[in-house]
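Inspection log for the structure reproduced underneath, given as structure tokens.
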Amino acid sequence: MGPLNEIIFSISEYIELLNIGLKKSKAKIIGEVSEVGFGPTGHVYFSLKDEKDGSVLKCIIWKSKYILFGIRLEEGLKIIASGYPEIYPLSGRLSFIAEVLEHAGEGTLKKEYEKLKKKLAEEGIFAEERKRPLPKYLRRVGLITSKQGAVLADFLSNLGKYGFKIKMIDSRVEGQGAVEDLLLSIKTFKKQDIEALVIMRGGGSLESMLAFNNELLVREVAGFPVPVIAAIGHDKDVPLMSLAADLAVSTPTAAANRLTEPWRQVALLVETGDRVCFQKFHNTLENGKINLRTSWEKSIFGFRALLSRINQQLEHSAKIIELNNPERQIKLGYSIARCRGKIVRSVQNVKVGEDLDIRVVDGDIISEVKDIK
Numbered sequence: 001m002g003p004l005n006e007i008i009f010s011i012s013e014y015i016e017l018l019n020i021g022l023k024k025s026k027a028k029i030i031g032e033v034s035e036v037g038f039g040p041t042g043h044v045y046f047s048l049k050d051e052k053d054g055s056v057l058k059c060i061i062w063k064s065k066y067i068l069f070g071i072r073l074e075e076g077l078k079i080i081a082s083g084y085p086e087i088y089p090l091s092g093r094l095s096f097i098a099e100v101l102e103h104a105g106e107g108t109l110k111k112e113y114e115k116l117k118k119k120l121a122e123e124g125i126f127a128e129e130r131k132r133p134l135p136k137y138l139r140r141v142g143l144i145t146s147k148q149g150a151v152l153a154d155f156l157s158n159l160g161k162y163g164f165k166i167k168m169i170d171s172r173v174e175g176q177g178a179v180e181d182l183l184l185s186i187k188t189f190k191k192q193d194i195e196a197l198v199i200m201r202g203g204g205s206l207e208s209m210l211a212f213n214n215e216l217l218v219r220e221v222a223g224f225p226v227p228v229i230a231a232i233g234h235d236k237d238v239p240l241m242s243l244a245a246d247l248a249v250s251t252p253t254a255a256a257n258r259l260t261e262p263w264r265q266v267a268l269l270v271e272t273g274d275r276v277c278f279q280k281f282h283n284t285l286e287n288g289k290i291n292l293r294t295s296w297e298k299s300i301f302g303f304r305a306l307l308s309r310i311n312q313q314l315e316h317s318a319k320i321i322e323l324n325n326p327e328r329q330i331k332l333g334y335s336i337a338r339c340r341g342k343i344v345r346s347v348q349n350v351k352v353g354e355d356l357d358i359r360v361v362d363g364d365i366i367s368e369v370k371d372i373k
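Okay, so the sequence shown: first residue is 1 according to the UniProt record's numbering, each after it adds one.
Spelled out as structure tokens, the structure:
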């Protein structure tokens, strides 16, 4: 291709060439919004006016971009638009194609925040009765946050060893592209088998929290199928997403603690139960020892008493035997007569002529029965 000044272009070719160059001239411009209009497809047409000299630049932002930034364009609003210029071939008009919209000041941002907060509150998006409790012993948790920074590490380190199954999606949480990332992550988790969703980021100003005040994002959180925990740090104004979440905490540690609290209680009960069971077993064992010792002592005492009674009975029997011992009677001067080996107890036990064996203390006397009277 020769020098451009030697080439003859058609109008459409030249405009196309200009647009190729203009698209490389991306810039940020600041101005006051005027002449806002919405096309049939949802695209937004508006003008930005310079406060100093009244210069005007026609602007367009496509619907897919406009819904992401949570800024409601209206007359007099001061914004910063990022994008590039483009010439429309059919009219030859130059327009600024806005890709990113930002509030130009904290005051304006605060007004938009309060306005959207009031609108969503009136719809019941923040109503406490709409919010759901966390499942008591959940394990499957979805997590949306940036993997950069200490937020993720704080959260994971405080989960403990309770067997949580964490599915994480790395997402931008601030600046350009944050809203798109967050919305895509939420839609992805809608298809996942999770019991709760945690969305986290560190603290920041109202301006840095712009993504979490996006209306579309707030509505997605409010309509999510399982409970949502918003662990979003903030300086002063609570992010609207936190107000719509089922549970809002300000730190990742607090979010982890809410998830682990039921499991800690179970662990405490188990530990307490172990101690109680051990103590009961110990007490039972000690009581058994005491009862066994008591029974043993009672048995020994009873056995000794029995032996004592038997001994007394034996002594008594011995005395009776001693008293009735024929030998004792003999020593007292009595004698014992036997006939045919049997003790003679009556005259009828002997006959005349039979021999008698008479036992005396110092021997036996053999005599013959001469007469029976």
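Using N, Cα and C, we set each Cβ at its ideal position, and we do this for glycine too.
Query	Result
Helix or strand or just coil, what does DSSP make of residue 380?	There is no way to answer for residue 380, as the model of the chain reaches only from 1 to 373.
With residue 22 and residue 89 assumed to form a contact (beta carbons below 8 Å), what rounded beta-carbon distance in angstroms separates them?	Incorrect: roughly 13 Å between the Cβ atoms, too far for contact.
Please specify which runs of the alpha helix (DSSP H), each continuous and at least 4 residues long, are wholly inside the segment 154 to 189, giving them in chain order.	178 to 189
What are the start and end residues of the beta strand (DSSP E) that includes residue 82?	78 to 88
Suppose contacts are defined by Cβ-Cβ distances below 8 Å. Is residue 76 in contact with residue 33 by that definition?	yes
Name the two residues that bound the continuous beta strand (DSSP E) containing residue 370.	First-last for residue 370: undefined, no H or E at that position.
Where residue 361 and residue 352 are concerned, what is the direct C-alpha to C-alpha distance, given to the nearest angstrom?	26 Å
Give me the DSSP bridge partner(s) of residue 32.	49, 78
Taking Cβ positions, are residue 113 and residue 206 nearer each other than 8 Å?	yes
Check whether the segment 220 to 228 touches the segment 147 to 166, taking contact to mean three or more Cβ pairs, one atom from each stretch, closer than 8 Å.	no
What's the gap between the Cα of residue 358 and the Cα of residue 350?	13 Å
Under 8 Å between the Cβ atoms of residue 179 and residue 145?	no
In chain order, what residues of the same chain have a beta carbon less than 8 Å from the beta carbon of residue 347, not counting five sequence neighbours either side?	372, 373
Identify, in the order they occur along the chain, each residue of the same chain with its Cβ nearer than 7 Å to the Cβ of residue 208, setting aside the five sequence neighbours on each side.	174
Return the CA-CA distance between residue 193 and residue 140, expressed in angstroms with no decimal places.	7 Å
Quick check: the segment 57 to 69 against the segment 12 to 19, are there 3 or more CB pairs under 8 Å?	no
In angstroms with no decimal places, state the Cα-to-Cα distance between residue 46 and residue 36.	4 Å
Tell me which residues share the same chain as residue 364 and place their Cβ nearer than 8 Å to its Cβ, disregarding the 5 neighbours each side in the sequence.	357, 358
What is the C-beta distance between residue 68 and residue 214, in whole angstroms, given that I count them as a contact (C-beta under 8 Å)?	7 Å
Alpha carbon to alpha carbon, how far is residue 323 from residue 314? Give it in angstroms, no decimals.	14 Å
Just grab the DSSP bridge partners of residue 95 for me.	86
Just the Cα atoms here: how many angstroms apart are residue 24 and residue 155?	42 Å
Taking the continuous beta strand (DSSP E) assigned at residue 245, which residues delimit it?	No beta strand (DSSP E) contains residue 245, which DSSP labels as neither H nor E.
Assuming residue 229 contacts residue 247 under a Cβ cut-off of 8 Å, what Cβ separation, rounded to an integer in Å, is found between them?	5 Å
By DSSP's criteria, residue 140 is part of a beta bridge. Which residues make up the other side?	165
Between the segment 48 to 57 and the segment 118 to 127, do at least 3 Cβ pairs fall closer than 8 Å?	no
Under 6 Å Cβ to Cβ from residue 245, same chain only, skipping five residues before and after it: list those, please.	221, 228, 230
Quick check: residue 147 and residue 181, are their CB atoms within less than 8 Å of each other?	no
What would DSSP say about residue 260, mapped onto helix, strand or coil?	helix
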